[in-house]
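**Q** Structure incoming, see below.
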Amino acid sequence: MPRTSRLPRNRGFEVARVLRRWGLGLLTVCWLAPPVIAENWPQWRGPASSGVSSAENLPTIWSRTENLAWTAELSGLGASSPIVWGELVFATSQVGDARVAPGGAHPQLARDDAELAARERAIGGRRPEAVAAEVFFVVEAFRLATGERVWQHRFAATGELPAVHEKHNLATPTPVTDGERVYAWFGNGQVVALELTGREVWSRHLGEVAPFQNRWGHGSSPALFEDLLILQVDHDAAAYLLALDKRTGAERSKVEHEAGRERIAHSTPLVVPGPSGPEMVLNSGTRIEAYDPRTGALLWHAGQARQTPVPTPVFHDGVLYLARGYRNSDYQALRVGGRGDVTESHALWRSAGGASYVPSILHHEGLVYVTNEIGVVTCADATTGQALWRERLGGVFFASPVAGDGKVFLVSETGETWVLRAGRTAEAEVLAVNDLGERMLASPAVGGSRLILRSDGRLFAVGE
């Protein structure tokens, strides 16, 4: 049975309960520190999935002994990114080992650089041969002000547990929240909706309906639009786009795709405003596609097949910026709003190579920042695609970059975060390189004036 454990109730929670009854929203009272006023970071890459924060006074320099507000141990391991709503930070993890995919050594991001590849590690430093006797999934909430755990919702992983790449596990999708509920999805197909107090509202298991198996494991995160929870399932065993009623979990629409290796993708749906209504954009293995999020009707498509895309598009002022993924990917700018095949009609510019296998593009103040897996970062003009500078920083980039307070933050799997000066410069201006000494695949979140980083099994709140 699902279990939610909480810290002992105190007067702060009684106040929050009364205020919710009055319709004044969620208030978490913290006795140990003043409240941290936070811009909500409700999903992977934050507001509008842009990776851009309006926060001020974000940190520049930190280490394990300097400028850390708090650290918090997670209940298990995972590669999902943290999210922030109000005074709470949410994260997911897995307790117990899922089996890794067979075939010996797994592909490494930095396999063209022997020195970097030698620094890549399996999640938790382990390579389990078989599924643990018991595997559990955990969603938990922490106070943004102090890192104190507020509640934990733990439930058993059921059904077939797919094999995964050794770099991650079944707690890879990032949760999403609308401020009323938190929606978490796991790599065997289990989905759970929780109130912000940790109480379960509904749950579903997609793996009980159709095979939920993807080569190297599932990576796509859930997305919200109006009253819908949208799930992209681009697997070799089954492929579909599913919209659930976010309040009940009932199916609202489903678009079936032809499954197979060429369809495999790990990217996350992005809903953007189009000139004729909302458009839901997918970076699939077959092509770039846009659907009506309310009905599932195909609106337009662009491009050709690309093996195993991971990056999610980013949107600004009517334009999508995206990398197709896999090794030495192209990256491009594409106007939304078309119908049918818009490969040529809506393309603004395209760069033939240099983009990432995994990280998504960052658009910030008229510039795009593109990272690849061996630490080469390109800064280009968003209007023309012309590179302003390209520099190799080092590191193995799995996380997507984040910008705010005049800075760009790039987190390496090997534990370092490069802090660059944002803006039009002739070359990369590195303000600091901060090493927390832990393996990090998750993209950063921002809460208040703090950067929230996640390693395999720990949260770090960086800042005063």
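In short: position in the sequence shown from 1, add 58, done, that's my numbering. Glycine included, each C-beta is placed from N, C-alpha and C at the ideal position.
Can you give me the Cβ contacts of residue 329 inside the same chain, cut-off strictly under 8 Å, excluding the 5 residues immediately before and after it?
**A** Taken in chain order, the residues that qualify are 281, 283, 288, 336, 337, 338, 339, 351.
**Q** Please classify residue 272 as buried or exposed, where buried requires at least 16 neighbouring CB atoms within 10 angstroms.
**A** Result: buried.
**Q** Going by C-alpha to C-alpha distance, which of 296, 455, 396, 228 sits closest to residue 378?
**A** That would be 396, whose Cα lies nearest to the Cα of residue 378.
**Q** Closer than 7 Å by C-beta to residue 489: which residues in its own chain qualify, once you throw out the five before and the five after it? Chain order, please.
**A** Closer than 7 Å at Cβ, skipping near neighbours: 118, 465, 477, 478, 479.
**Q** Is it the case that the segment 114–128 contacts the segment 139–157, given that we only count it when at least three CB pairs across the two stretches are under 8 Å?
**A** Result no; under three Cβ-Cβ pairs closer than 8 Å.
**Q** Just to confirm, is the Cβ distance from residue 473 to residue 496 under 8 Å?
**A** Contact flag set, yes.
**Q** Residue 77 by DSSP, collapsed to three states: which one?
**A** Summary for residue 77: the model assigns pLDDT 34, below 50, so the residue's position carries little reliability; its value from the coordinates is reported in the next sentence. In the structure shown, residue 77 sits in a helix (DSSP, three-state: H, G or I).
**Q** If you count every other CB in all the chains shown that lies within 10 Å of the CB of residue 375, and 16 or more means buried, which is it?
**A** Exposed.
**Q** Is the distance from the Cβ of residue 316 to the Cβ of residue 297 below 8 Å?
**A** Yes; because the gap between Cβ atoms is below 8 Å, this pair is in contact.
**Q** If I'm right that residue 206 touches residue 516 with Cβ under 8 Å, what's the distance once you round it to whole angstroms?
**A** Actually they do not touch by this definition, with Cβ atoms about 15 Å apart.
**Q** How many Å lie between residue 113 and residue 246 at the Cα?
**A** The alpha-carbon atoms of residue 113 and residue 246 are separated by roughly 36 Å.
**Q** Identify whether residue 264 lies in helix, strand or coil by the three-state DSSP scheme.
**A** Correct three-state label for residue 264: helix.
**Q** Got a sec? Which residues, its chain only, sit under 6 Å from residue 303 by beta carbon, not counting five neighbours each side?
**A** Once the five neighbours on either side are set aside, the close Cβ partners of residue 303 are 310.
**Q** Any beta-carbon of chain B closer than 8 Å to the one on residue 474?
**A** Looking for chain B here will not work: only one protein chain is present.
**Q** Sort out for me which residues DSSP pairs residue 399 with in a bridge.
**A** Paired residues: 359.
**Q** Whole angstroms are fine: how far does the CA of residue 367 sit from the CA of residue 275?
**A** Taking the straight line from one Cα to the other gives about 13 Å.
**Q** Helix, strand or coil, according to DSSP, for residue 108 in the structure here?
**A** The answer is coil: DSSP assigns residue 108 none of H, G, I, E or B.
**Q** Where residue 285 and residue 388 are concerned, what is the direct C-alpha to C-alpha distance, given to the nearest angstrom?
**A** Distance between the alpha carbons of residue 285 and residue 388: 34 Å.
**Q** How about residue 240 and residue 254: do their beta carbons lie closer than 8 Å?
**A** Yes, they are a contact pair.
**Q** To test your reading of the DSSP string, which unbroken beta strand (DSSP E) runs of 3 or more residues are found completely within the segment 182–222?
**A** Runs of the beta strand (DSSP E) inside the segment 182–222: 194–201, 207–214.
**Q** Along the beta strand (DSSP E) that carries residue 492, what are the first and last residues, could you check?
**A** Its beta strand (DSSP E) spans residues 488–493.
**Q** Excluding the 5 residues flanking residue 294 on each side, which residues of the same chain have their C-beta closer than 8 Å to its C-beta?
**A** For residue 294, where only same-chain residues beyond five positions count, the Cβ hits under 8 Å are 271, 272, 273, 317, 318, 319, 321, 322.
**Q** Using a 10 Å radius around the Cβ and a threshold of 16 neighbouring Cβ atoms, would you call residue 86 buried or exposed?
**A** Legend: pLDDT at residue 86 = 34, less than 50; position of this residue unreliable, value from coordinates given subsequently. So residue 86 ends up on the buried side.
**Q** What's the gap between the Cα of residue 503 and the Cα of residue 279?
**A** Approximately 15 Å, taken between the alpha carbons.
**Q** Leaving out five residues before and five after residue 407 in sequence, what residues of the same chain have Cβ atoms less than 7 Å from its Cβ?
**A** Excluding sequence neighbours, residue 407 sits near 390, 391, 442, 443.
**Q** For residue 418 and residue 103, which I take to be in contact (beta-carbon distance under 8 Å), what is that distance rounded to the nearest angstrom?
**A** The pair is a contact, with the Cβ atoms about 7 Å apart (cut-off 8 Å).
**Q** Give me the Cα-Cα distance between residue 428 and residue 394, rounded to the nearest whole angstrom.
**A** For residue 428 and residue 394, the distance between alpha carbons rounds to 21 Å.
**Q** Which same chain residues end up closer than 6 Å to residue 491 when comparing Cβ atoms and leaving out the 5 residues on each side of it in sequence?
**A** Correct list, in chain order: 474, 476.
**Q** Between 192, 248, 149, which lies nearest to residue 200 when the distance is taken from Cα to Cα?
**A** Out of 192, 248, 149, 149 has the C-alpha closest to the C-alpha of residue 200.
**Q** So, residue 462 versus residue 116, is the Cβ gap smaller than 8 Å?
**A** In contact: residue 462 and residue 116 (Cβ atoms closer than 8 Å).
**Q** Reducing DSSP to helix, strand and coil, say where residue 320 ends up.
**A** Note: residue 320 maps to helix in three-state DSSP.
**Q** DSSP state of residue 406, grouped into three classes?
**A** Three-state DSSP puts residue 406 in a strand.
**Q** Going by beta-carbon coordinates alone, are residue 457 and residue 430 separated by less than 8 Å?
**A** No, they are not a contact pair.
**Q** When we look at the beta-carbon of residue 291 and count the other beta-carbons within 10 Å, is it buried (16 or more) or exposed?
**A** So residue 291 ends up on the buried side.
**Q** Taking the beta strand (DSSP E) that residue 338 falls in, what are its first and last residues?
**A** That run of the beta strand (DSSP E) goes 335–341.
**Q** Within 10 angstroms of the Cβ of residue 327, are there 16 or more other Cβ atoms? Answer buried if so, exposed if not.
**A** Buried, because 16 or more other Cβ atoms sit within 10 Å of the Cβ of residue 327.
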